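K.L.:
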Amino acid sequence: MYAKFNHKEDIEKKKVLFVVEALGGGIFTYIVDLSNKLVNTFDVYIAYGLRSETPKNYEDYFDERIHLIRVKNFVRSLNLIRDVKAFFEIKRVANKIKPDLIHLHSSKAGALGRWAFNGKKVPLFYTPHGYSFLMQNSSRLNRKIYKAIEMASSWRHCTIISCSYGEHLETIKFTRDAYYISNGVNIEEIQNYINDYGNRNEKHQFTVFTLGRICHQKNPSLFNNIAKKLPNVKFIWIGDGELRYMLTSPNIEITGWLNRKEAIKRSLAADIFLLPSLWEGLPISLLESMYMKKLCIVSNVIGNKDVIKNNVNGYVCNTVDEFVEVIKTSKEQNQLALINNAYNDIVNLYNTIVMTEKYKKVYKKALKKGNI
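According to our numbering, the sequence shown is numbered sequentially starting from 34.
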């Protein structure tokens, strides 16, 4: 449904259309925070697809001035019929809105959108949020297909904005029309939750947690193996997913999908944030945990290692034994220096205020260049 114009200034604002196939998980939080900040400067439209992890009341997260338009044929996997339908669906949306600028989010939207729009008359941007060809759950053939699609699409008139420096390094292998703006988190919102739930100093069992969909990307097998080797430590997976059957260790609790308030409340009550991912863009859950002053222990992949510097603001590990040893050490030793370094990184670098100002600058420059 197209939202009504409720403010006179909307008439004067330039129209920005976000095309988002994956409105779930970290991308959902990113889109909510970015669009809610941009709506004071631009007239924001979001053409989106739903995921199983999309909150049931997702519309309530957005400023009432934002126009939400569902693309019914957006699906996660390759599906020729649905993808062709989605291609024409987003073209119809753009033809009706007549945006001044289009920004594509996620690999599926990036592929379809770069061919649906030429990017010459209307500035076109694309943020992968983790390239599909880096997905380790796909076959080698599929990853080659995804990479070929990215290479072919990179010839289109479009600027790629990566959400981490590691993703940017992958991008410039295809095109020089690229730069990066790191993801950021809404520290004001998180601080409100901390004020409500944090600093209670309640006695509890030492707890390691992660947050997100229980899928191949998040590596539940490794999470489970780490938990098995630390039977006296409590492990919590905040979320749900198709691979929950892999979490068999008796000291693991699976919460299922929680609303944002409950998810943050459970996070605040834990001690260590563990992210053993096989690939990432730049995970919002990691940035939020850093601000919540949780010691962060992550796998050595793009996105994770772009933010966490080993033994400086957290730990980067490669094997089960490395993860286990770091958790054991952290249980016994004070890690306040690393925790504070991570917190300061969020305050100074990885927050929505910094992120939004960078996007405003990029958008305004593109609009001015195009004389729009």
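By construction, the Cβ of each residue, glycine as well, lies at the ideal position given by its N, Cα and C atoms.
Values in this document were obtained by computation on a predicted structure and should not be read as measured data.
State yes or no: is the C-beta of I135 within less than 8 Å of the C-beta of A127?
P.N.:
Working through the sequence shown from its first residue, we reach residue 135 at position 102. Working through the sequence shown from its first residue, we reach residue 127 at position 94. Yes, these two residues count as a Cβ contact at 8 Å.
K.L.:
Let me know if E203 comes out buried or exposed under the rule of 16 or more other beta-carbons within 10 Å of its beta-carbon.
P.N.:
Taking the first residue of the sequence shown as position 1, residue 203 is located at position 170. Result: buried.
K.L.:
So for N377, helix, strand or coil by DSSP?
P.N.:
Numbered from 1 along the sequence shown, position 344 holds the residue referred to as residue 377. Helix, per DSSP.
K.L.:
Does the separation of the CB atoms of K326 and Y376 fall below 8 Å?
P.N.:
As a working mapping, residue 326 is identified with position 293 in the sequence shown. As a working mapping, residue 376 is identified with position 343 in the sequence shown. Cβ atoms of K326 and Y376: closer than 8 Å.
K.L.:
Can you grab the Cα-Cα spacing for the pair R277 / I205, in whole Å?
P.N.:
As a first step, residue 277 must be located in the sequence shown, where it is residue number 244. As a first step, residue 205 must be located in the sequence shown, where it is residue number 172. Roughly 36 Å between the two C-alpha positions.
K.L.:
So which of L320, F51 and P253 has the shortest CA-CA distance to T160?
P.N.:
As a first step, residue 160 is located in the sequence shown; it is residue number 127 there, counting from the start. Nearest C-alpha to T160: F51.
K.L.:
Buried or exposed: which applies to G314, given that a residue is buried once 16 or more other Cβ atoms fall within 10 Å of its Cβ?
P.N.:
In the sequence shown, residue 314 corresponds to position 281, counting from 1. Buried, by the Cβ-count rule.
K.L.:
Is H201 buried or exposed, if buried means 16 or more other CB atoms sit within 10 Å of its CB?
P.N.:
In the sequence shown, counting from the first residue as 1, residue 201 sits at position 168. Its Cβ being crowded by 16 or more others within 10 Å, H201 is buried.
K.L.:
From the DSSP output, in three-state form, read off T62 for me.
P.N.:
Locating residue 62 in the sequence shown gives position 29, counting from the first residue. Helix at T62.
K.L.:
Quick one: give me the first and last residue of the alpha helix (DSSP H) that Y392 is part of.
P.N.:
In the sequence shown, the residue the question calls residue 392 occupies position 359. Residues T385 to K402.
K.L.:
Could I get the ranges of all uninterrupted alpha helix (DSSP H) runs contained in the segment 231-284, with 4 residues as the minimum, in chain order?
P.N.:
Correct list: 253-261.
K.L.:
Determine the direct distance from the alpha carbon of I317 to that of N346, and round the result to whole angstroms.
P.N.:
Within the sequence shown, numbered from 1, the residue matching residue 346 stands at position 313. Within the sequence shown, numbered from 1, the residue matching residue 317 stands at position 284. For N346 and I317, the distance between alpha carbons rounds to 16 Å.
K.L.:
What does the alpha-carbon distance come out to for the pair K393 and Q368?
P.N.:
Locating residue 393 in the sequence shown gives position 360, counting from the first residue. Locating residue 368 in the sequence shown gives position 335, counting from the first residue. Taking the straight line joining both Cα atoms gives about 37 Å.
K.L.:
Find out if the Cβ-Cβ distance for the pair N69, D93 is shorter than 8 Å.
P.N.:
In the sequence shown, the residue the question calls residue 69 occupies position 36. In the sequence shown, the residue the question calls residue 93 occupies position 60. No; because the gap between Cβ atoms is not below 8 Å, this pair is not in contact.
K.L.:
So for T86, helix, strand or coil by DSSP?
P.N.:
Working through the sequence shown from its first residue, we reach residue 86 at position 53. Position check: residue 86 holds Glu in this sequence, whereas Thr was assumed. In this structure, E86 counts as coil in the three-state DSSP scheme.
K.L.:
Compare the C-alpha of D229 against each of K298, R125, N252 and L280 and name the closest.
P.N.:
Working through the sequence shown from its first residue, we reach residue 229 at position 196. The residue with the shortest Cα to Cα distance from D229 is K298.
K.L.:
Which residues bound the alpha helix (DSSP H) around K364?
P.N.:
Translated into the one-based positions of the sequence shown, residue 364 becomes position 331. V353 to E365 is the extent of the alpha helix (DSSP H) around K364.
K.L.:
Closest to L157 by CA distance: which of T192, K129, L320 and S172 is it?
P.N.:
Against the sequence shown, residue 157 aligns to sequence position 124. Closest option to L157, Cα to Cα, is T192.
K.L.:
Per DSSP, what are the beta-bridge partners of Y212 in this structure?
P.N.:
On the sequence shown, position 179 is the one that residue 212 refers to. Bridge partners of Y212: I194.
K.L.:
May I have the straight-line CA-CA distance separating K37 from I130, to the nearest angstrom?
P.N.:
If you number the sequence shown from 1, residue 37 lands on position 4. If you number the sequence shown from 1, residue 130 lands on position 97. Note that K37 scores a pLDDT of 46, beneath 50, so its modelled location is shaky; the value from the coordinates is reported in the next line. When rounded, the distance between both Cα atoms is 12 Å.
K.L.:
Any idea if P283 is buried or exposed, counting beta-carbon neighbours within 10 angstroms, 16 or more meaning buried?
P.N.:
Within the sequence shown, the letter at position 250 stands for residue 283. Burial call: exposed.
K.L.:
DSSP beta-bridge partners for N343?
P.N.:
Here residue 343 refers to the residue found at position 310 when the sequence shown is read from its first residue. DSSP, once it has assigned bridges, lists G347 as partnering N343.
K.L.:
Name the one or two DSSP bridge partners that L307 has.
P.N.:
Taking the sequence shown and counting its residues from 1, the one referred to as residue 307 is at position 274. Note: L307 sits in a beta bridge opposite I330.
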